[in-house]
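Single-structure report; data block below.
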Amino acid sequence: MSHIFVFFCNFSKLFFLEAKHLEDSRLPNFFFLLRFTLPVSYLLEMVLEIKLFGVQSDACLDSKKSSNFQLSPAGIVVLRSDLKPRGVVVNMIPGLPAHILFMCVRYADYLNDDDMLKSFMNMSINGIKQVIKEHVEDFEMLSFWLSNTCHFLNCLKQYSGEEEFMKHNTAQQNKNSLKHFDLSEYRQVLSDLAIRIYHQFIIVMENNIQPMIVPGMLEYESLQGISGLKPTGFRKRSSSIDDTDAYTMTSILQQLSYFYSTMCHNGLDAELVKHVMKQLFFLIAAVTLNSLFLRKDMCSCRKGMQIRCNISYLEEWLKDKNLQGSSAKETLEPLSQAAWLLQVKKTTDDDAREISERCTALSAVQTVKILNSYTPIDDFEKRVSPSFVRKVQAMLNNRENSSQLMLDTKYLFQVTFPFTPSPHALEMIEIPSSFKLGFLTRI
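So that you can map any letter, position 331 of the sequence shown is 331 in full-length UniProt numbering, and since no number is skipped, the others follow by simple counting.
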């Protein structure tokens with residue numbers, strides 16, 4: 001038999017649930033909040049009798065109950081983890097599950113119960129790991145728990161009592177700081193966990209968008225008036241996908257918008273969203289460039305115009321999402337210079353000098369490769385002469401990283417998680433009515 005208590009509390013108000021007379025075999029092996037994949041009303045399958053008590057914070061439990069209280073790795077409910085978290089975040093403050101977890105931490109701190117605190121923190125961390133393990137390819141779930149892991153980490157900092165994290169707190173928030181425990185070691189563990197989730201998060205997004213990049217950025221013809229022009233001596237590549245079903249630039253923009261809206265919907269920190277977009281834009285540029293280096297049929301003035309047009313779509317998308325400060329645009333610079341190189345004159349010494357001065361984001365090998373691969377779109381345009389290529393190459397010989405051709409599409413920018421204090425006062429946090437938890441009473 002089991003007698004388990006779960007608390008949602010702060011120093012002034014306390015929610016207290018008591019679950020009685022449950023056999024241990026009926027309990028899952030993790031705390032229920034860590035499977036917060038639906039509104040609470042759907043999470044709780046009432047296979048147990050739940051009774052609500054409102055308890056004043058200065059007299060929460062008598063000594064007997066207090067000594068028997070444990071945040072067991074066994075939860076109190078049977079959970080449904082097969083559905084998406086999208087329904088959870090409707091009308092919900094960002095990171096509400098994280099705030100509820102922190103309220104449980106504060107209760108353990110209030111009781112000055114070291115064993116309870118360790119049990120709960122270890123259970124929380126292991127529970128998040130388990131959710132991620134079971135949804136390793138689920139973008140929405142990864143987004144949801146990356147957000148909540150970061151919010152949980154921020155709560156542990158904001159209410160740590162450390163001066164550097166209290167600067168933006170209200171007086172009441174400072175009163176709600178932890179009193180007895182230093183959780184800096186757990187903060188490091190959570191930070192490491194957030195990095196692991198982030199890396200998997202990026203992998204899933206890259207796997208989704210990468211098949212769209214070459215068809216959308218290079219192969220699809222969206223510029224009117226030039227789509228019928230083909231480089232001399234080349235046939236159109238065959239494809240198993242009909243033209244009507246092929247990926248386009250619109251496909252890429254729609255995928256980016258889906259990523260962006262989901263991250264915002266799940267309350268991911270704005271700076272982290274910018275970092276994610278920088279990573280994705282780097283991938284778009286790198287994959288497009290690598291394909292350009294390998295395909296002579298793509299090295300033409302026409303394709304230079306097409307690439308430049310598609311870059312402008314990406315830049316406009318960044319502007320529309322107010323992401324100009326994300327450094328994502330800068331990751332497109334090598335591709336932008338390659339597009340310019342395909343369109344510019346390539347005849348005189350002045351042309352060679354301009355190319356060497358303008359193509360600073362391309363290595364010498366990359367610049368020379370594009371020049372050698374350049375293919376006229378008609379008989380009126382000449383190929384780039386070998387002597388011109390040698391002139392450019394001589395001007396670029398002293399450039400650093402001059403031997404690099406292919407870009408590493410698996411490169412990851414270093415990620416850090418900025419501290420962003422929550423503006424939400426713990427005593428004011430409400431569980432939305434859509435959760436249908438009317439049986440909870442605030443005292």
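All C-beta atoms, glycine included, are put in the ideal place defined by N, C-alpha and C.
Identify whether His424 lies in helix, strand or coil by the three-state DSSP scheme. coil
Please report the distance separating the alpha-carbon of Trp317 from that of Met305. 19 angstroms
Quick check on Thr347: does DSSP put it in helix, strand or coil? coil
Check whether the stretch 150 to 160 touches the stretch 420 to 431, counting contact only when three or more Cβ pairs, one atom from each stretch, lie closer than 8 angstroms. yes
Which of helix, strand or coil does DSSP assign to Cys155? helix
Run through DSSP, which three-state label would Asn176 get? coil
Whole runs of the alpha helix (DSSP H) within the stretch 359 to 391, excluding any shorter than 4 residues: 364 to 373
Contacts around Tyr374, its chain only, beta-carbon distance under 6 angstroms, and the 5 residues preceding and following it disregarded: Cys299 and Val384
Contact check, Leu407 vs Gln279, beta carbons under 8 angstroms: no
Anyone know if the C-beta pair for Leu146 and Ile197 falls short of 8 angstroms? yes
I think His275 touches Val415, with their Cβ atoms under 8 angstroms apart; what is that distance to the nearest whole Å? 6 angstroms
Looking at C-beta atoms only, is the number of pairs between the stretch 171 to 183 and the stretch 95 to 113 that lie closer than 8 angstroms three or more? yes
Can you tell me the Cβ-Cβ gap for Ala285 and Pro334, rounded? I've got them flagged as a contact below 8 angstroms. Rounded, the Cβ-Cβ distance is 6 angstroms, consistent with contact.
Give a yes or no on whether the C-beta atoms belonging to Met277 and Leu323 are separated by under 8 angstroms. Yes, the pair counts as a contact, with Cβ atoms nearer than the cut-off.
Let me know the secondary structure DSSP gives Met212 once reduced to three states. If DSSP states are grouped into helix, strand and coil, Met212 belongs with the helices.
According to DSSP, is Ile429 part of a helix, a strand, or is it coil? coil
Asp320 by DSSP, collapsed to three states: which one? If DSSP states are grouped into helix, strand and coil, Asp320 belongs with the helices.
Are the CB atoms of Leu362 and Thr288 within a distance shorter than 8 angstroms? no
Can you give me the C-alpha to C-alpha distance between Leu253 and Thr367, rounded to a whole angstrom? 28 angstroms
Taking the straight line between their C-alpha atoms, what separation do you get for Ile213 and Tyr313? 13 angstroms
Please classify Val136 as buried or exposed, where buried requires at least 16 other C-beta atoms within 10 Å of its C-beta. exposed
The stretch 189 to 208 touching the stretch 289 to 298, judged by at least three CB pairs closer than 8 angstroms: Judged by Cβ distances under 8 angstroms, the stretch 189 to 208 makes no contact with the stretch 289 to 298, as fewer than three pairs qualify.
According to the neighbour-count rule (16 or more other Cβ atoms, all chains shown, within 10 Å of its Cβ), is Pro97 buried or exposed? buried
Let me know the secondary structure DSSP gives Val136 once reduced to three states. coil
May I have the straight-line CA-CA distance separating Phe201 from Ile132, to the nearest angstrom? 10 angstroms
Just the Cα atoms here: how many angstroms apart are Asp350 and Thr409? 34 angstroms
Under 8 angstroms between the Cβ atoms of Ala338 and Ile370? yes
In three-state terms, what does DSSP make of Asp408? Asp408 falls in the coil class under three-state DSSP.
State the Cα-Cα distance for the pair Ile128 and Met141, rounded to the nearest angstrom. 11 angstroms
Nearest neighbour of Cys301, chosen from Gly325, Lys382 and Glu315 [CA to CA]: Lys382
Local conformation of Pro334 per DSSP, three classes: helix
Buried or exposed (CB count within 10 angstroms, at least 16 for buried), Asn174: exposed
Could you tell me the distance, in whole angstroms, from the CA atom of Gln393 to the CA atom of Tyr247? Near 36 angstroms, if we compare the C-alpha coordinates of Tyr247 and Gln393.
Per DSSP, what kind of secondary structure is Ala246 in: helix, strand or coil? coil
In this structure, does DSSP put Pro418 in helix, strand or coil? coil
Indicate the three-state DSSP secondary structure (helix, strand or coil) for His168 in the structure shown. coil
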